[in-house]
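Visitor:
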Amino acid sequence: MAEKVTLQPCLAQDRLSIIARQACYVVHEDWRPEQTVLGCAPALNAGVQEDIDFIKLYPVIAVESCEKDCSTKLVAKSGEKATVTLRMPEILAEIGADPSSVPEGHVDCEHEVVQAVAQRLLAEVDRLLAK
C-alpha cells in the first residue's frame, strides 16, 4: 500500500492546464493533505532533491493537458515512470464537464469544473493508496 501519491500537473498556461493544477491543489490541500504531495515541474527539472524524492518514493499521477505529455516526460527524464497518466480532455469527457465555462487565465478552486476534475483525481489517488 502506498504511503503517499505524487500529483504532477502540466504547467502550460491554457485553460485545461489551469483547471488541472487547481484540481491537484484541491486534492492535496483540501482532501488528502497527508497522503499526497504536489510535484513542481521547475524544481524537478532543476534536480531539486525533494521533488526527485517525491517521484522515487511515491506513485506518480501525471496530469496532462495536451498531447505533448510534458509531465510524463519530465518524470521519465528524472529516471522514473509515471504510475498513471491522466489526460484532461478524457477526464472532461468522462465527467461531462464543459471547459468553456471556465474563465481564461485564472479559475477559483471552488469552480464546479475544478471540483469535478478534483473528484476524478481523488478517485485515482485513493485507488493507488489502496494498492
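Take the sequence shown: its position 68, counted from the start at 1, is 116 in the numbering used here, and no numbers get skipped. Glycine included, each C-beta is placed from N, C-alpha and C at the ideal position. For clarity, every value in this text was computed on a predicted model and none was experimentally measured.
Could you check the C-alpha separation between Ile-103 and Gly-87 for me, to the nearest Å?
Guide: Roughly 8 Å separates the two Cα atoms.
Visitor: Would you be able to state if there are at least three C-beta pairs under 8 Å between the region 94 to 109 and the region 59 to 71?
Guide: Taking 8 Å as the limit for Cβ pairs, the verdict is that the region 94 to 109 does not touch the region 59 to 71.
Visitor: Within the region 80 to 168, note down every full alpha helix (DSSP H) run reaching 4 residues or more, in order along the chain.
Guide: As far as the region 80 to 168 is concerned, its whole alpha helix (DSSP H) runs of at least 4 residues are 89 to 94, 97 to 105, 118 to 125 and 136 to 143.
Visitor: Mark Ala-130 as exposed unless 16 or more other C-beta atoms lie within 10 angstroms of its C-beta, in which case mark it buried.
Guide: Result: buried.
Visitor: With distances taken from CA atoms, which of Leu-92, Pro-107, Ala-145 and Ser-113 is nearest Asp-62?
Guide: Residue Ser-113 is the option with its Cα nearest to Asp-62.
Visitor: Could you tell me whether the Cβ atoms of Val-173 and Ile-109 are closer together than 8 Å?
Guide: Yes. Within cutoff.
Visitor: For the ligand ADP, I want to know if Lys-52 counts as a neighbour, meaning its beta carbon is within less than 7 Å of at least one of the ligand's heavy atoms.
Guide: Inclusion of the ligand ADP in the displayed structure is not the case, the ligand content being empty and no account of it being possible.
Visitor: If the criterion is Cβ atoms closer than 8 Å, does the pair Gln-56 and Val-111 meet it?
Guide: It is a contact, given that the beta carbons lie within the stated cut-off.
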